[in-house]
Structure formats: structure tokens, C-alpha cells
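In UniProt numbering, the protein residues as written are 1 to 230.
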């Protein structure tokens, strides 16, 4: 997200939590809401897309944008992400490249990199403790992108970062399940422990499990793309 859209998403999230926009209510029209937040309509649309992925808002064609009650969505209700990529396609891509990135990071991340990953994860933990899903999902994305960078393979990192927007959208979706918001944290800690231990095989396996479980939390399943050694 851009800085302004992130600000707008945080502001709207706070207003929803404080009851300014109760469950089932409609948000003001885009023009009025953007003016009240002091941002452009394009930044507002990005913020709304973020909150929709997190399960806080739901757009209804011709009717407006409504605050949800936090109920789980059917897969058919999940809108296409940025660039009109289906969540299934994005998760499949991630299941191919991100376990490899985690394995490489386990072999290349130095002490400074490990400390940075721990700090990013701590921010995600802290955000969830105060029910800040916007902040938690931002830290979630930062964690995954940092692992790609620490893989020390510019082509792999570039491929992952080139799809940063749809990847960000895909990782927000599981947060819409109120009962599963802490599951990504537990899975991240397993990935982090493997990278810090320098164990490439375990880093690959734990990242694979994390992505498979994240997809399952929104009702998606696909072939296990891990490459187990005999």
C-alpha cells in the first residue's frame, strides 16, 4: 500500500472498531469519504480493497461498501485481487517460489538479517495483540519480502517483488477468519526458527506448510508443491 492508502486503511479500521461505522452500515460515498480523510479517491479505493481482503468491508455493486460482521466468506465471495489474479493462482505461485526463498535464506541470512526478521515478526505480533489487522498484514508482507531478499538470489527476489501487490492481497485474506488470526504468527515463528538455525530443509518445509494452511483458511486447496527428498 502507499503511505496515504495505509493511513486511510488504519483510520477506517479504527473507526470501525470504535463503532463509528457499525456492522452492516454503509460507508459514505467515495467522494465524501475521500474528502473527509484528505486523500484521493484512488488511495481510498486501495484502502477499501485492503479492508475488504481483511474481511472488514464488502462491496456490493450498485449499492456501496458495507461494514461486515467478520463472518467467514465462501471462496466464491472472495473478489479477484490486483491485476485480476485469482487467490488460487497467487497461492500456487507462492507455494513454488517462497519455500525455495526460505531455504536459501536459511543458508545466507547473517546475524543482522536474522535480527531484522525477528523485529518484523515482533511488530506483527504486537499489531495482532491490539487487533490491528492492517498493521499485522503490513508486517506479514514485510516478513515474506525480507525472506525473499535474504535468499541472496536477485532473480528470485525480483520475481517475488514484481508480484508484491497480489501477494499482499493474498496474505490479507486469511485474516478475515476471526478464529484464525494467530495461526500465521505460529507458522511464521516456525519458519523464522528454521532460518535462524540455518536449516534449509526445515525452512522449506515450514514455509510450504504455512502457505498450504493459509490457503486452506480461505477454503482453497491445491497440489502439494513441496519437493521432498528421498
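C-beta: ideal position from N, C-alpha, C; glycine also.
Which residue comes first and which comes last in the alpha helix (DSSP H) that contains residue 58?
The residue you call residue 58 lines up with position 58 of the chain shown. Where residue 58 is concerned, there is no enclosing alpha helix (DSSP H), although the beta strand (DSSP E) it sits in stretches over 57-60.
For a test of the three-state rule: what should DSSP assign to residue 135, helix, strand or coil?
For the purposes of this step, residue 135 is identified with residue 135 of the chain shown, where counting begins at 1. Here residue 135 sits in helix by DSSP.
Is residue 231 helix, strand or coil when you go by DSSP?
This structure gives no information on residue 231, because the portion of the chain shown stretches from 1 to 230.
Per-residue DSSP class, three states only, for residue 4:
In the chain shown, the residue the question calls residue 4 occupies position 4. Helix.
Suppose only complete runs of 4+ residues qualify. What are the alpha helix (DSSP H) ranges in the segment 135-171, listed by chain order?
154-162
Using DSSP bridges, identify the partner residues of residue 67.
As a first step, residue 67 is located in the chain shown; it is residue number 67 there, counting from the start. In DSSP, residue 67 forms a bridge with 57.
State the beta-bridge partners of residue 26 as determined by DSSP.
In the chain shown, residue 26 corresponds to position 26, counting from 1. The partner list for residue 26 (beta bridge, DSSP) reads 66.
Using a Cβ-Cβ cutoff of less than 7 Å, which residues in the same chain neighbour residue 221 once the five nearest sequence positions on both sides are dropped?
Indexing the chain shown from 1 puts residue 221 at position 221. The residues are 215.
Along the chain, where does the alpha helix (DSSP H) that runs through residue 206 open and close?
Start at 1 with the first residue of the chain shown, and residue 206 comes out as number 206. 200-216 is the extent of the alpha helix (DSSP H) around residue 206.
Kindly list the residues whose CB is nearer than 7 Å to the CB of residue 199, restricted to its own chain and excluding five residues on each side of it in sequence; keep chain order.
For this step, residue 199 is matched to residue 199 along the chain shown. Taken in chain order, the residues that qualify are 106.
Which class does residue 220 belong to by DSSP, given the choice of helix, strand or coil?
Position 220 of the chain shown, counted from the first residue, corresponds to residue 220. Residue 220: coil per DSSP, three-state reduction.
Work out the CA separation of residue 119 and residue 205 for me, nearest whole Å.
Looking up residue 205 in the chain shown gives position 205. Looking up residue 119 in the chain shown gives position 119. The straight-line gap from Cα to Cα measures roughly 23 Å.
When you compare each of 190, 39, 90, 159 to residue 3 by their alpha carbons, which one comes out closest?
Taking the chain shown and counting its residues from 1, the one referred to as residue 3 is at position 3. Of the listed residues, the one whose Cα sits closest to residue 3 is 39.
For residue 18, which of helix, strand or coil comes out of DSSP?
Here residue 18 refers to the residue found at position 18 when the chain shown is read from its first residue. In this structure, residue 18 counts as coil in the three-state DSSP scheme.
Taking Cβ positions, are residue 149 and residue 157 nearer each other than 8 Å?
For the purposes of this step, residue 149 is identified with residue 149 of the chain shown, where counting begins at 1. For the purposes of this step, residue 157 is identified with residue 157 of the chain shown, where counting begins at 1. Yes, the Cβ-Cβ distance between residue 149 and residue 157 is below 8 Å.
Given residue 58 as reference, the closest of 176, 160, 121, 89 once Cα atoms are compared:
Within the chain shown, the letter at position 58 stands for residue 58. Residue 176 is the option with its Cα nearest to residue 58.
Please report the distance separating the alpha-carbon of residue 87 from that of residue 60.
Within the chain shown, the letter at position 87 stands for residue 87. Within the chain shown, the letter at position 60 stands for residue 60. Taking the straight line joining both Cα atoms gives about 20 Å.
Count the CB pairs spanning the segment 187-198 and the segment 153-173 that are closer than 8 Å, and state whether there are at least three.
no
According to DSSP, is residue 38 part of a helix, a strand, or is it coil?
Translated into positions along the chain shown, residue 38 becomes position 38. Coil, per DSSP.
Closest residue to residue 52 among 208, 10, 124 (Cα-Cα distance)
For the purposes of this step, residue 52 is identified with residue 52 of the chain shown, where counting begins at 1. Looking at the Cα atoms, 10 is the closest of the given residues.
Can you tell me which of the three DSSP states residue 125 falls into?
The count along the chain shown starts at 1 and reaches residue 125 at position 125. Reduced to three states, the DSSP call for residue 125 is helix.
Just to check my reading of the structure: residue 23 and residue 68 have Cβ atoms closer than 8 Å, yes? What is that Cβ distance to the nearest angstrom?
In the chain shown, counting from the first residue as 1, residue 23 sits at position 23. In the chain shown, counting from the first residue as 1, residue 68 sits at position 68. Their Cβ separation, rounded to whole angstroms, is 7 Å, which keeps residue 23 and residue 68 in contact under 8 Å.
Just curious, the alpha helix (DSSP H) that residue 194 is in, first and last residue?
Locating residue 194 in the chain shown gives position 194, where the first residue counts as 1. Per DSSP, residue 194 belongs to the alpha helix (DSSP H) from 183-197.
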